[in-house]
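Trainee: One structure follows; several queries about it will come next.
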Amino acid sequence: MQRSGSTNEERVKKAIQRRPKPTSAKGAALLPSGSTMLNLALSDTLTGAFIPGTIVNVVGDSSSGKTLQSLFTLAAIGRAFPNYRLIHDDIETGEHFNLPALIGKDIADRIEPPRVDGDGLPWPSETIQDWRTTCVLA
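One point on numbering: in this note's numbering, the residue at position 20 of the sequence shown is 23, and numbering is uninterrupted.
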């Protein structure tokens, strides 16, 4: 039974809008994961999962979806921060996703490799030192 003038969907939307902005236990605003369920699992909030400035290691078997999840996270962060660069270091060079179909053309067009070789092709990091240098130079 529904209350007159208010559907369940409207009540849920209002409840979400009233919720405080997601923060970590230390009070920092959280970055979205791209998945509501993952946000809830990691932070008990609908819209945030990761503390800015931290490194998150995602461990899993080959072909378990780690790269795909990282792209969904990058897309969600890109939507939250439209003026920031989106750098994806595809170290396994095995990704063959139709990014515009998965995350939208606007976000896919913003994703760039950390660096390019002399021919303009993506040059992924080979060591953790390469990755760190790329992060500092970006």
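Even for Gly, the Cβ is constructed at its ideal location relative to N, Cα and C. Treat the numbers as computed from the prediction; the structure is a model and nothing was measured.
Please state the DSSP three-state secondary structure of ILE131.
Mentor: Three-state DSSP puts ILE131 in a helix.
Trainee: What number of angstroms, rounded off, separates the C-alpha of LEU34 from the C-alpha of THR48?
Mentor: Going by the C-alpha atoms only, they are around 11 Å apart.
Trainee: If you count every other CB in all the chains shown that lies within 10 Å of the CB of ASN11, and 16 or more means buried, which is it?
Mentor: Answer is exposed; the Cβ neighbour count stays below 16.
Trainee: Distance, Cα to Cα, THR57 vs PRO103?
Mentor: Approximately 28 Å between the Cα atoms of the pair.
Trainee: Ignore the nearest five residues each way along the sequence and tell me which others in PRO125's own chain have a CB closer than 7 Å to its CB.
Mentor: Closer than 7 Å at Cβ, skipping near neighbours: ASP93, PRO116 and VAL119.
Trainee: Measure the alpha-carbon distance for ASP42 versus ILE114 and round it to whole angstroms.
Mentor: Contrary to the premise, residue 42 reads as Asn rather than Asp in this sequence. When rounded, the distance between both Cα atoms is 22 Å.
Trainee: With a Cβ-Cβ cutoff of 8 Å, do THR70 and GLY37 count as a contact?
Mentor: No, the pair does not count as a contact, with Cβ atoms beyond the cut-off.
Trainee: What whole-angstrom Cβ distance do GLU79 and GLY107 have, given they're in contact under 8 Å?
Mentor: In the sequence as displayed, the identity of residue 79 is Ala instead of Glu. Going by Cβ atoms, the distance from ALA79 to GLY107 rounds to 11 Å, so no, they are not a contact pair.
Trainee: Find the nearest neighbour of ILE110 within the set PRO85, MET40 and VAL61, judged by alpha-carbon distance.
Mentor: Checking every option, the nearest Cα to that of ILE110 belongs to PRO85.
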